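Taking it in order: structure first as structure tokens, then the write-up.
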Amino acid sequence: MSWYTRKKTPLGKGEKRGVPEGLFIKCERCGEMIYAGEFETAWRVCKKCGKHHTLPSRRRIMLLVDEGTFVEHDAGIQSMDVLKFRDTKKYRDRIKSAQKESGEMDAIVCGNGKMNGWGVEIAAFEFGFMGGSMGVVVGEKITRATERAIKRRCPMIIVSCSGGARMQEGTFSLMQMAKTSSAIAELGEAGLPFFSILAHPTAGGVTASFAMLGDVIMAEPEALICFAGPRVIEQTIRQKLPDGFQRSEFLLEHGFVDVIVKREEMKNTISTQIKHMCANIAPENIPPPVAEPENKS
Amino acid sequence: MAVAFLDFEKRILELENKLDELRSLSKLQNTDFSAEIRKMHKKLNTLKRETFSNLNRWQKTQLARHPSRPYAYDYIREIAPDFIELHGDRLFGEGPSIVSGFGTMDATSIMFIGIQKGRDIKEKMYRNFGMPHPEGYRKALRMMKMAEKFNRPIVTLLDTPGAYPGIGAEERGQAEAVARNLLEMSGIAVPIVCVVIGEGGSGGALALGVGNRVLMLEHSVYSVISPEGCAAILWKDQTKVEEAADALALTAQDLFENRIIDEVVREPIGGAHRDPILAAHILRRALRRNLGEFSNLSGAEIVRQRREKFRQIGSFLEQQ
Ligand SMILES: [Zn+2]
């Protein structure tokens, strides 16, 4: 299900073309050279063509959560590699190098904070960690965050950016789809909203579970959002897929996305919806974030 | 119809043919070969037992996909002879890869929902090789809601390579259909027993797999991705299916050991396809026993237990 393979070159280490590495970023689509600082200030959106490049999970949280309000939870959870999975490389080694590359323990960062004053629980995928794939750690952290949202009576926000279920954890990964969807069911039964934000790409077992279950589903422009990846479909039906197939705009047209929102407008768009849905809960009535003692390693 | 067989079944079939010959010879010549027949019969059973207790994971996968293996409809017809198929998702169309409807098992009305592969080429096409479109999943959800409304237990039979990856399926929200079933199924207030009878193909199977009990037939598999898909992506070599099947730990025995499923249901020796009637009989007993455990529980308690069961799946390390 996790069909999405990451490009070899990590973002930010694009072709040099005579400029010092790290100083310029080349737009993945139009090739425009953008000053790294300017690129970050624009939340990695190309100023020329509007391409939304992959945003690391912590930057995503900075984008959406009021400054200084974010409290991270469950930072110390790591994969156990129960299956002792090994393909051309040991899964254990893949985890280690992904941790080193991304600076994260696994493919998601969770916590609570305020969004224009509204208390929220938020989970943001880290695509730089094995393509944002969902194994037991991701499933557990999303479930815990949803359970905290129910306990604190606040909205739940998940920003998806994932190739799908993580193959290296076998059927354990598959079962996280049921586990997270069941938690979202309970959130809904508690009368609390779930905002599913879809970034490029959202695929496989992530799309086919919580990501498609938002009360409101918002997608970034031109994001690939699919169950089966384009290559899998092309191999199955033996024909080329039309342009724009499975992109945000396609899903909007077919009724599976509520609204397409540019990155810079995402925070205000979400908080406006929170206001409509949680008008009976004033921001100050939502309990303030509770810091839990935990060590980050 | 030619009998399909797998490599490791060949010796067994040869011996069976010899045994048949000996029997007819015995009749024809009116000679007593009973000693020889007994001896050969014993040898055959030993061979079957040895072969089928030592299958590797890739062989198990092949067995789970065996073209002669009983499909969902075969079990339902045998277990609930008064089964009448009910069709359509009331939204877009009928999803023929999934069969559903009420049937009577041991004087109890049960909602049966099964993913159906086709036997001959015509049925295979009609059933889309057991790869459901969104309509199939939405029909299944409609049936589950109906069962809940009339307080009837649900049995699902899983056997699919996966949800269909195609243009129409994506346009009509395959991901949403699977996701919706996961969410809704977790909250259905009647007992649900799910059985993997052949191939448990990823999200396409799980979409009907959120039960109070999840069982697997002895020679079935359940996996996040097929060994072929896994080999192509991780090994970048489609011939590495044995390695991939091994790494994925996808057999009924693996999943039971890893506490992902609740029970392994025995199959007739040599596999369910060697004696489909007996296989259905064994399955019926397992269903009766499992459903019986929920007969005195309230709807709310049934939901609580089901959610708790899935909540617990998966271990991880945690630093405090
Ligand atoms: Zn550009």
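So the sequence lines, in the order shown, correspond to chains A and B. In case it helps, my numbering puts the first sequence at residues 3 to 299. In case it helps, my numbering puts the second sequence at residues 399 to 718. Backbone N, C-alpha and C fix where the C-beta goes; we use that ideal spot for every residue, glycine too. Since the model is a prediction, treat every value here as computed from it, not as a measurement.
Neighbour-count burial assignment, residue i, 16 or more Cβ in a 10 Å radius
i	result
M523/B	exposed
F127/A	buried
C29/A	buried
G257/A	exposed
K515/B	buried
N572/B	Note on identity: in this sequence residue 572/B is Gln, with Asn being the wrong assignment. The residue is buried, with at least 16 neighbouring Cβ atoms inside 10 Å.
G607/B	buried
T209/A	buried
E533/B	buried
G712/B	buried
N688/B	buried
Q112/A	Going by the sequence as given, residue 112/A is Cys instead of Gln. C112/A comes out buried.
T274/A	exposed
G33/A	exposed
C156/A	buried
G206/A	buried
D418/B	exposed
A670/B	buried
A470/B	buried
E641/B	buried
Residue i versus residue j: straight-line alpha-carbon distance, rounded
i	j	result
H75/A	F654/B	32 Å
K153/A	G193/A	12 Å
A577/B	E407/B	39 Å
Q241/A	G231/A	14 Å
M3/A	G137/A	Its pLDDT being 44, under 50, M3/A is placed unreliably by the model, and nothing is read from it.
R62/A	K537/B	38 Å
A187/A	A677/B	36 Å
Q710/B	R146/A	12 Å
D518/B	R31/A	48 Å
G121/A	K277/A	11 Å
S495/B	Q717/B	46 Å
K10/A	I474/B	Because the pLDDT of K10/A is 40, which lies under 50, any placement of that residue in the model is unreliable, and the question is left without a value.
H617/B	C280/A	51 Å
I227/A	R488/B	26 Å
E434/B	L423/B	12 Å
G14/A	M64/A	Its pLDDT being 39, under 50, G14/A is placed unreliably by the model, and the measurement read from it follows with that caveat. Rounded to whole angstroms, G14/A to M64/A spans 19 Å at the Cα level.
A77/A	K91/A	26 Å
T56/A	I160/A	15 Å
Close beta carbons around residue i, own chain, < 6 Å, minus the five adjacent residues each side
i	result
A698/B	none
I144/A	A125, T182
L442/B	L413
K185/A	Residue identity check: residue 185/A is Ala in the sequence provided, not Lys. Cβ neighbours of A185/A beyond the five flanking positions: T145, T148.
A402/B	P465, S466
T71/A	G115, K116
CB of residue i within 9 Å of CB of residue j, strictly
i	j	result
I124/A	S162/A	no
N610/B	K520/B	no
A645/B	D89/A	yes
G486/B	H531/B	no
R540/B	F490/B	no
K269/A	M117/A	yes
E582/B	K543/B	yes
V218/A	D260/A	yes
L420/B	M438/B	yes
Other residues of its chain near residue i: CB distance less than 7 Å, five sequence neighbours each side excluded
i	result
G668/B	I410, K446, F450
G134/A	A109, F127, E128, C163, S164, G165
I675/B	E476
F26/A	M35, I36, Y37, A38
F131/A	A100, S104, E106, D108, A109
D673/B	P666
Q703/B	N610
G58/A	Going by the sequence as given, residue 58/A is Pro instead of Gly. Result list for P58/A: E128, G130, in chain order.
I623/B	S600
A643/B	R455, W456, T459, P625
Beta-carbon proximity list for residue i, same chain, < 8 Å, skipping 5 on both sides
i	result
V588/B	A545, E546, N549, R550, P551, I552, G697, I700
M614/B	V593, V594, G598, Y620, A650, L653, F654, I659, E661, V662, V663
A630/B	Q636
L404/B	Q457, Q460, L461, H464
H679/B	E476
V139/A	I79, Q80, S81, M107, D108, A109, I110
I262/A	M220, A221, E222, P223, S250, E251, L254
C51/A	C29, R31, C32, E34
Q248/A	L226, I227, C228, P232
Any non-hydrogen atom of ligand 3 within 8 Å of residue i CB
i	result
E69/A	Questions concerning ligand 3 fall outside what the structure shown contains, since the ligands it does hold are ligand 1.
Would you check if the stretch 553-573 of chain B and the stretch 594-605 of chain B touch, i.e. whether three or more CB-CB distances between them fall below 8 Å?
They touch, by the three-pair rule.
The stretch 468-488 of chain B touching the stretch 497-514 of chain B, judged by at least three CB pairs closer than 8 Å:
Taking a cut-off of 8 Å on C-beta distances, the stretch 468-488 of chain B touches the stretch 497-514 of chain B, as three or more cross pairs fall below it.
Take every Cβ of the stretch 75-90 of chain A, pair it with every Cβ of the stretch 168-181 of chain A, and state whether three or more of those distances are shorter than 8 Å.
With a cut-off of 8 Å, the stretch 168-181 of chain A and the stretch 75-90 of chain A count as touching, because enough Cβ pairs lie within range.
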